[in-house]
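Visitor: Take the sequence shown: its letters are residues 1 to 987, numbered as in full-length UniProt numbering. We treat Cβ as the ideally placed atom computed from N, Cα and C, and that holds for glycine. Computed from a predicted structure; not experimentally measured.
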Amino acid sequence: MTAGGNEDETIVSPQIEAHSERLATILDQYMSELESTGLPPDVERLAAEYPDLADELRSYADSLQVLHQMTTNLRPAAATRPDEVMTGGQRPKRLGDYEIIREVGRGGMGVVYEARQLSLNRQVALKVLPFAAMLDERQIARFRTEAQAAAQLHHPNIVPVHAVGQERGVHYFAMQFIAGQSLEHAIDDLRGYATPSDPTISHSHAAAVMKAAERERETAIDSAFSTRVSTHSRTYCHSVARLMLQAADALDHAHQLGVIHRDVKPSNLLLDRNGKLWITDFGLARIQSDSGVTISGDIVGTIRYMSPEQAAGNSAFVDCRTDVYALGATLYELLTLRPAHVGSGRQEILQQIESVEPVSPRSLNPAVPYDLETIALRALAKSRDERYPTAKSLADDLRRFLNGEPTEARRPTLTDRAAKWALRHRRSVALAATFLVVLTCVSATSALMIAQGERRTKEALAASEANRQRAEEHYQQARQVVDRFGTVANDLARLPGGEPLRRDLLNDTLEYYRQFIARANGDALLASDMAGAYNKAAVIAEALGERDDALQFCRQSLALFDQLIAAAPEDESLRARQANTYNSLGLLLAAIGESQEALDSYAKAVALQQAIADREPGADAPEQALAETYSNLGLLQGQLGEKPAARKSLSATIRLLGQLLEAKPNDVDLRHDLAIGFNNLSFVERGDDWSHSEASCRNAIALLDKLVAENDSRDAFRSDLALCQNNLGAILGHRKDWEQACVSYRKAIDLQRQLARKSGAVVLYRRDLAVFLNNLGQAQQELQDFSGAIESFAASEEIALQLAQDYPRELTFRSLAGAVLNNRAMAIESSGRAEESLPVYQTSIKHQQIAFDAAPQIAEYREFLSKHFFNYARALRAAGRLQDAADVTLRRRQLWPKDGEHLGKVASELAETATLLREMDAGGERTPDEPESLAAVETATVETLRQAAEQGNDLAALKNEAAFAFLHDHPIWVKLETPRQPLDGSP
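1) State the Cα-Cα distance for the pair Leu967 and Gln894, rounded to the nearest angstrom.
2) By the three-class DSSP mapping on this structure, what secondary structure does Tyr388 have?
3) Which stretch, first to last residue, makes up the beta strand (DSSP E) that contains Tyr172?
4) What's the C-alpha gap between Ile850 and Ala147?
5) When DSSP labels each residue in this structure, what does Tyr98 get in the three-state scheme?
6) Determine, using beta-carbon pairs with one atom in the stretch 162-173 and one in the stretch 255-262, whether at least three such pairs fall under 8 angstroms.
7) Just to confirm, is the Cβ distance from Asn774 to Ser796 under 8 angstroms?
8) With burial defined as no fewer than 16 other Cβ atoms inside 10 Å of the residue's Cβ, what is the status of Pro308: buried or exposed?
9) Use the C-beta contact count for Arg191: other C-beta atoms within 10 angstroms, 16 or more gives buried, fewer gives exposed.
10) Could you name the residues of the same chain whose beta carbon sits closer than 7 angstroms to that of Ala550, not counting the 5 residues immediately before and after it, in chain order?
11) Nearest CA to the CA of His253: which residue from Ala956, Val159 and Pro266?
12) For the alpha helix (DSSP H) containing Val264, name the first residue and the last one.
13) What distance in whole Å lies between the Cβ atoms of Glu357 and Ala312, which are believed to be in contact at a cut-off of 8 angstroms?
14) State the Cα-Cα distance for the pair Ser651 and Phe717, rounded to the nearest angstrom.
15) Please report how far the alpha carbon of Gly328 lies from the alpha carbon of Phe813, in whole angstroms.
16) Which residue wins for smallest C-alpha separation from Ala247, given the options Arg304, Pro856, His238 and Asp323?
17) Give every residue of the same chain whose Cβ lies closer than 7 angstroms to the Cβ of Val668, excluding the five residues on either side of it in the sequence, and list them in chain order.
18) For Leu271, which option in Ser239, Asp548 and Val820 has the closest C-alpha, if you only look at C-alpha atoms?
19) Quick check on the burial criterion: 16 or more other C-beta atoms within 10 angstroms. Buried or exposed for Leu703?
20) Measure the CB-CB distance between Gly343 and Arg273 and report whether it falls below 8 angstroms.
21) Tell me which same chain residues have a C-beta within less than 7 angstroms of the C-beta of Cys320, skipping the five on either side of it?
22) Nearest CA to the CA of Ala646: which residue from Arg686, Gly818 and Leu670?
23) Considering only the alpha carbon of each residue, which of Val937, Val906 and Gly900 lies closest to Thr915?
24) With three or more C-beta pairs closer than 8 angstroms as the rule, is the stretch 813-830 touching the stretch 780-792?
25) Taking just the CA atoms, how far does Arg387 sit from Ile279?
26) By DSSP, does Gln552 sit in helix, in strand, or in coil?
27) Determine which residues share a DSSP beta bridge with Val112 and list them.
28) Which whole runs of the alpha helix (DSSP H) in the stretch 771-831 are 4 residues long or more, in chain order?
29) Nearest CA to the CA of Leu364: which residue from Tyr872, Arg892 and Arg809?
30) Tell me whether the beta-carbon of Leu700 lies closer than 8 angstroms to the beta-carbon of Gly729.
31) Lys898 by DSSP, collapsed to three states: which one?
32) Determine the extent of the beta strand (DSSP E) in which Leu269 is found, giving its start and end residues.
33) Within its chain, find whatever has a CB closer than 7 angstroms to the CB of Ala376; leave out the 5 residues flanking it on each side and keep chain order.
34) Going by CA-CA distance only, name the one from Gly880, Asp705 and Leu277 that's closest to His672.
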């Protein structure tokens, strides 16, 4: 059991008068002499020296001797050392009926010891008022309040108090001992940097106890959470919700009895070995029948978990909602592994609590379920009236979430968030402000229309068929407004600073569909709309990164369409909508690597759409939908290497769109779709027929050139044209036409810079610009234009590094930065400045290592890092730093412990380094450590060859490489070719 937490975050500020300060100073001197000599100083001498304090000195001296006798050898000698325990030879320490075993926690409100109650022979946690607090009546009053508050509470999740007492002036109370750890330590463990054991503890018994304590911590966390490494999983989030449900139930019990905790935080929430949660430390509790402990204006509690009313010192407004806020802050920290408010000091944190909204939990941990995030944010509302009114209502909502039922918590309306956003960006350009005002009005109006439409629908159904039709019109109008939110959200992405509001808009739209599905479930009249709502919800969930939810929505939509089609087989529109859903499901499955399921979904969509097109010849909608599905199918087939099938699918797309354009030659959307079709066909033609690939790409560019000229405001057209120009540059580069490749890359860059300047908030515009600049640099390097290449790489690097800094969780940006730095280093090296390239290579490796360490399962990061090591080692060899080159090559070897082919390449690289070392020796360039270095590199070469052979490399190609000439007659080859034979020649 623990007491307290980080004292620098806790504000408990008693007003100690001059009299008390003098007394404290003298008693400190008394305690220091007692601890250093083991003998108590002469109290009467002190009384004579300070006659005005004589009575108090005599009173406190006795208590100090008791504390000294009780704690000698129990607590650390220095404040920075952790708990120590008694060794077997030490004399047990006593406090009344309690034998002290060890100190387990310490804070401003008390010191907690593990102890044994002798009369009942039971283990207890003994909380003792610290010496400094004994001088302050308010501290003593709070200590008594804690004991009284906890003693009257009887709940399975509140640590019970066994006894309260005073021994020769030392105040204490005994509680049930909880073997486990606090949530504070659990969060540290989950973050991966829990405080290690103190290396100064050397006693064997002490070490055993510390190991046992560590086991208790591990047992507690494993019992509470399904796994210690899956904090980004739904299972972990459900475990967190179950813990917070226990805490909310316990707080509700306390509130029912008039006890407000006022210091709910992770260090005051304990986990036992079974993963059960316990609330402890009611040291700051307020019993509503006795508020005399707190003076108006006091700030009590721990800063990071304080409610806004606590932070402002408004004790009159502290009630059960204060504890709800603190529990919300704890829930937030468990879900994200970071505090709701982060600041460099107390004032900054207090200011954030009062005026800054916490970052969305889902942006820090995408695995947090939508409803659980909403619960946490409602508990953390700035206004007390917007929070859960009681801990019971919070517990009830957590129960609904865990049972899969709709929660009462609802996100703030888009209007509310738009207003907050406008306040934070009130100096934005007038155009942005105008757009937001219009958007806010549309949002508010649509919400009103939805509510009115639903109410009128119900009234009309009860009245007459004519009225029902009129109500249906209102309802459909409301639905159309909401359906347009997705389109408006895409426009918002291009508004500077509008990305947070775009996500809020998508979240609100998704919430509307969720609510509609919940209300429409079982209503036959709304079944068709419900099926469509599932599909629309899937599209929005995918845009928000909620792929699991998106897949579930798609499958629910398809199942409902099956039922509807069975009931109305003549309704062609149902089949068309089901086909669209199959297409959406295919896209989702392809994105997560479920290729065969994706192909099956596309095939079902094509079958349905083709049948509709055959029955409705000349109709635009079926053929356009069919063309879109063929396009998606062709791209997936191309990615899977099924080139003939891919060309067939994409050719079908182009044929269908061409037929549609014959009837509507000025339809810009059809022309755009056709351009994309040609670009996709160009992509799958690469490798097999580069001339056809170039022709298809130029067809796409010709179409997009005209679209951009005629539609200057359509950023999507300009973006696609830039992409096609970049693709043409890649095709020309493969055909070794580097001059024209540079021309295409520059066109792509010019277009992309226009987009980035116009819509700097659109991250993809900046990312693509970095990629295009990098590609130009590579083409310039092929032309030996090293200064131009270095300039292009530097421009790309600046963007990539800024993206990595702005979005640290997006590892693709970090990896991109590493790759571009590597390319700039190569250009510097190729220009003859190997030494100058070395620090750039080092920085490249640093960034790529970050991406790889965070996601080692992504093959691309491993490949890139391996190439960076290879290039860096080559540059080190060119700079004459051969031992450093060998060290870097050995780091590269660590990336491929199970890959015989890569290990063979590493062996070749080591052999080349050994050859250079030998040449230095022959040329008289030997350094004092060179023979040792040569031997080490040769040994590493042989060891790497052995590993390569064990991983399936037959070594036949390596044996004849010039670099291995020094091993040509070495028996290693025979022994490696029969790897089961011991390398030392033993039988």
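Guide: Let me spell this out:
1) In this structure, the CA atom of Leu967 is about 23 angstroms from the CA atom of Gln894.
2) coil
3) Val170 to Gln176
4) 50 angstroms
5) strand
6) no
7) Yes; because the gap between Cβ atoms is below 8 angstroms, this pair is in contact.
8) buried
9) exposed
10) Ala538, Ala541, Glu542 and Leu588
11) Nearest to His253 by C-alpha distance, out of Ala956, Val159 and Pro266, is Val159.
12) Element bounds for Val264: n/a, residue is neither H nor E.
13) About 17 angstroms separates the two Cβ atoms, so there is no contact after all.
14) 22 angstroms
15) Roughly 33 angstroms between the two C-alpha positions.
16) Asp323
17) Leu707 and Asn711
18) Ser239
19) buried
20) no
21) His255, Ile260, Thr390 and Ala391
22) Arg686
23) Val937
24) Contact between the stretch 780-792 and the stretch 813-830 is present, because at least three Cβ pairs lie under 8 angstroms.
25) Computed Cα separation, rounded: 21 angstroms.
26) helix
27) Gly105 and Lys127
28) With a minimum length of 4 residues, the continuous alpha helix (DSSP H) runs that stay inside the stretch 771-831 are 786-806 and 811-830.
29) Arg809
30) Going by the sequence as given, residue 700 is Ala instead of Leu. No, these two residues do not count as a Cβ contact at 8 angstroms.
31) Coil at Lys898, not helix or strand.
32) Unbroken beta strand (DSSP E) run through Leu269: Leu269 to Asp272.
33) Gly328, Leu331, Tyr332, Leu335 and Pro361
34) Asp705
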